[in-house]
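Colleague:
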Amino acid sequence: MRIQVEKKAGNMWVANASIEIKAWDACNQEGLGTTVITNDEPGVNPNQQVAIETAIKSVINDKFEKVMFNFYKYITGWLKNGVTYQVYFHKILQYVEYNALMENLKSDSDFGKEMKMITESDFMKLECNYFSKPNEFLTKLMKNITAIKSLEKYKLEPKIIFGRQIHLIPSSILEEKTNFFKNINKY
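Position one of the sequence shown corresponds to residue 12 (this note's numbering), numbered consecutively onward.
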């Protein structure tokens with residue numbers, strides 16, 4: 012919050028306030044945007060504190076609908092385009108397999124047609140939209156994965172689920188880590 016206070020003629024205090032509001036989607040840490048709201052009418056009063064309070068109340072009461080407009084615009088995007096999920100595939104998938112999965116998901120009416128693939132050295136990330144019930148997403152995703160024969164060998168397991176981020180890890184990697192810790196305990 013930023014407040015400017017000035018003493019004017021006649022011992023009157025004039026206060027202007029602006030508030031910067033940042034909105035985040037907690038499920039995927041996506042910044043929804045920043046809005047700055049400022050009062051139209053300054054707070055004017057012989058008492059400095061009252062002038063400041065008046066300016067702040069003016070911003071909140073008169074301008075908060077601008078913040079809500081941005082929020083509703085974001086939610087409306089969800090309704091039109093589906094909710095965006097991020098699925099991480101760790102230490103697996105060749106491009107051909109990944110592409111087959113994307114095509115399989117595109118043919119499913121519950122998934123959006125536009126998908127984005129991001130590759131890193133040790134994982135691939137799929138960003139896709141989903142139109143149906145959020146609690147059914149993982150089940151539908153796993154059905155689409157198991158429908159691709161070349162992916163069966165990985166025996167993917169969802170091991171980290173945070174909001175709309177899901178990390179799929181092959182069971183062989185999980186077994187390796189479990190065996191490693193079992194062997195440590197022997198010493």
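Glycine included, every Cβ here is placed at the ideal spot set by N, Cα and C.
Keep in mind the model is a prediction, meaning the values are calculated, not measured.
Taking its Cβ as the centre, do 16 or more other Cβ atoms sit within 10 Å of residue 80, making it buried, or is it exposed?
Modeller: Position 69 of the sequence shown, counted from the first residue, corresponds to residue 80. Exposed, by the Cβ-count rule.
Colleague: With which residues is residue 243 paired in a DSSP beta bridge?
Modeller: Look at the range of the chain in this structure, 12 to 198, and you will see that residue 243 is not part of it.
Colleague: On the three-state DSSP scale, how would you describe residue 142?
Modeller: Along the sequence shown, one-based indexing puts residue 142 at 131. Here residue 142 sits in coil by DSSP.
Colleague: At which residues does the beta strand (DSSP E) containing residue 170 begin and terminate?
Modeller: Taking the first residue of the sequence shown as position 1, residue 170 is located at position 159. Per DSSP, residue 170 belongs to the beta strand (DSSP E) from 167-173.
Colleague: Is residue 129 helix, strand or coil when you go by DSSP?
Modeller: In the sequence shown, counting from the first residue as 1, residue 129 sits at position 118. In the structure shown, residue 129 sits in a strand (DSSP, three-state: E or B).
Colleague: Please classify residue 69: is it buried, with 16 or more other beta-carbons within 10 angstroms of its beta-carbon, or exposed?
Modeller: Here residue 69 corresponds to residue number 58 of the sequence shown, with the count starting at 1. Classification of residue 69: buried, given that the 10 Å Cβ count is 16 or more.
Colleague: Leaving aside the five residues before and after residue 168 along the sequence, list all residues of the same chain whose C-beta is less than 8 Å from its C-beta, in chain order.
Modeller: Counting from one through the sequence shown, the residue named residue 168 turns up at place 157. Contacts found: 179, 180, 181, 182, 185.
Colleague: Which residues share a DSSP beta bridge with residue 33?
Modeller: Position 22 of the sequence shown, counted from the first residue, corresponds to residue 33. DSSP output for residue 33 lists 45 as bridge partner(s).
Colleague: Report the CB separation of residue 16 from residue 55 in whole angstroms; it is logged as a contact under 8 Å.
Modeller: On the sequence shown, position 5 is the one that residue 16 refers to. On the sequence shown, position 44 is the one that residue 55 refers to. Between residue 55 and residue 16 the Cβ distance is about 11 Å, and since that is not below 8 Å, they are no contact.
Colleague: Helix, strand or coil, according to DSSP, for residue 102 in the structure here?
Modeller: Indexing the sequence shown from 1 puts residue 102 at position 91. Reduced to three states, the DSSP call for residue 102 is coil.
Colleague: Using the Cα positions of residue 174 and residue 27, report the straight-line distance between them to the nearest angstrom.
Modeller: Indexing the sequence shown from 1 puts residue 174 at position 163. Indexing the sequence shown from 1 puts residue 27 at position 16. So the alpha carbons of these two residues sit roughly 39 Å apart.
Colleague: Compare the C-alpha of residue 199 against each of 154, 105, 46, 47 and name the closest.
Modeller: In the structure displayed, the chain extends from 12 to 198; residue 199 sits before or after that span and is not available.
Colleague: For residue 134, which of 20, 103, 12 has the nearest alpha-carbon?
Modeller: What you label residue 134 is simply residue 123 of the sequence shown in a count that begins at 1. For residue 134, the nearest C-alpha among the options comes from 103.
Colleague: Figure out for me which residue from 29, 100, 111, 46 has the closest Cα to the Cα of residue 67.
Modeller: Mapped onto the sequence shown, residue 67 falls at position 56. Per the Cα distances, 29.
Colleague: Tell me the residue span of the beta strand (DSSP E) that contains residue 179.
Modeller: By 1-based counting over the sequence shown, the position of residue 179 is 168. Where residue 179 is concerned, the enclosing beta strand (DSSP E) stretches over 176-181.
Colleague: List the whole-angstrom C-beta distance separating residue 156 from residue 162, where the pair is believed to meet the contact cut-off of C-beta under 8 Å.
Modeller: Start at 1 with the first residue of the sequence shown, and residue 156 comes out as number 145. Start at 1 with the first residue of the sequence shown, and residue 162 comes out as number 151. Contact flag correct, Cβ pair sits at about 5 Å.
Colleague: Taking the CB atoms as reference points, tell me whether residue 138 and residue 151 lie closer together than 7 Å.
Modeller: Residue 138 sits at position 127 when you count from the first residue of the sequence shown. Residue 151 sits at position 140 when you count from the first residue of the sequence shown. For residue 138 and residue 151, no; Cβs fall outside 7 Å.
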